[in-house]
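J.: Please read through the structure below; I'll follow up with questions.
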Amino acid sequence: MKLKFIKIRYAIIIVYLRIRSVFSSVTKGFTFIEMLISLLITIIILTIIPHLFRLTDTYLSAAYEFDQLEYSFFQLDLNKMTNSKAISLKLIDEHSILLKQQNQNSFIKYQNHKIIFVSNNRGNITLLNNVLNAKFISNHKGIIGVFLRIGSRENYYDKSLYL
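Just so we're aligned, residue 0 is where the sequence shown starts under our numbering, counting upward by one.
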């Protein structure tokens, strides 16, 4: 009877010592579950990267279309200002145009990378932003050409408009 008790007690102590040694020993490395989780995260990241590249192309074209939209609004505003018979256009220099109505003098100017509309020296309205360069050129028939370079230094496009 004593022998059975010693065997049982000895077996319990051995199991207890094994469990304690497993929990107390710190091994450096991945367990199988940690390895599976890290592989899963890596696979998810690697499958998302091509979609991110396609998405940036979409945003780049949308940004280009935004510049086109802004230019079309500028073109519409300029046509509304100049299509009246009571308004006469006169080129002052290569960066400003005088719009002369009966008793009002208004200007369209290129200033600080913007094209602005100045009305009676009371204030200005920004017509077009992100203009890298603007030249206003008049020919012998009185037609004024507006030549614009719009966008950023790396990504720009040239536009021309005749008034």
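Just so you know, even glycine gets a beta-carbon here, dropped at the ideal spot from N, CA and C. A quick note: this is a predicted structure, and the numbers were derived from the prediction, not measured.
Hey, how far is the Cα of residue 56 from the Cα of residue 129?
T.: Whole-angstrom Cα-Cα distance: 21 Å.
J.: Find the nearest neighbour of residue 103 within the set 43, 143, 80, judged by alpha-carbon distance.
T.: When only C-alpha atoms are compared, the closest one is 80.
J.: Who are the Cβ neighbours of residue 118 in its own chain at under 6 Å, not counting the five residues just before and after it?
T.: 105
J.: Between the C-alpha atoms of residue 88 and residue 154, what's the straight-line distance to the nearest angstrom?
T.: 32 Å
J.: In whole angstroms, what is the alpha-carbon distance linking residue 150 and residue 156?
T.: 7 Å
J.: Could you tell me the distance, in whole angstroms, from the CA atom of residue 85 to the CA atom of residue 100?
T.: Cα to Cα, the separation comes out at about 6 Å.
J.: Return the residue from the list 131, 159, 125 that minimises the CA-CA distance to residue 137.
T.: 159
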